[in-house]
Amino acid sequence: MSLVEVQWAFQYAIVMKLPRNNRELDGLFSQATVPNAVEFDGEFEVDMLTILPSLRRLGHRKVFWSDAGKVIGCNVLFRNFRWGRVVLEPGKCNWDGQPALLINYDVAGNYLSRGMRDYVRRLEKGETYLGRFNYVLFGRLIFLGYFSLRRLAAGKV
């Protein structure tokens with residue numbers, strides 16, 4: 005491993021050292037700030053913190069870009085398997101009623117992912133964001149767990 009790779013791995017370990025339980029993450033989320041959608045331009049690594057096995061090893065990430073005045077994006081697995089198109093918009097988190105950035109999957113062309121709603125806030129650690137993963141089932145928004153986003157690269161991908 006090169007010196008650059010070692011430095012990157014060390015920084016990654018520090019930045020992504022987040023709790024893995026809902027109670028501690030609730031506290032972090034309540035203290036986090038609301039990002040603006042325009043901050044999301046490029047690739048962000050996704051790490052599921054309290055639900056499902058993390059798909060990080062499969063290259064799970066979200067990619068965002070601006071299009072016609074909106075920030076849109078999708079999820080990516082492996083090298084380029086894209087799924088779950090999204091639009092970013094201001095929202096209010098269903099958990100605490102406070103502002104959060106909504107990653108909304110209610111987009112034409114989505115099928116199973118159409119019920120997903122992510123509420124995201126920025127941690128003080130800079131390019132790291134904490135999200136609440138929810139799913140609309142029978143008209144009710146159900147909290148499923150937390151995830152983190154960390155910027156990988158800037159610019160449209």
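Going by the numbering used here, the first residue of the sequence shown is number 5, and it counts up by one from there. Think of the CB as a built atom: it goes at the ideal place given N, C-alpha and C, for glycine as much as any other residue.
- Collapsing the DSSP output to three states places residue 33 in a helix.
- Here the segment 123–139 makes no contact with the segment 61–78; the two share fewer than three CB pairs at distances below 8 angstroms.
- Taking residue 74 as reference, the option from 141, 97, 52, 44 with the minimal CA-CA separation is 44.
- In terms of Cβ geometry, residue 62 and residue 82 form a close pair [threshold 9 angstroms].
- Taking the Cα positions, residue 143 is about 9 angstroms away from residue 119.
- For residue 47, the three-state secondary structure derived from DSSP is strand.
- The beta-bridge partner set that DSSP reports for residue 147 consists of 138.
- Per DSSP, the beta-bridge partners of residue 132 are 154.
- Restricting attention to 51, 53, 93, the CA atom closest to the CA of residue 68 is found in 93.
- Closest by C-alpha distance to residue 103, out of 21, 40, 27, is 40.
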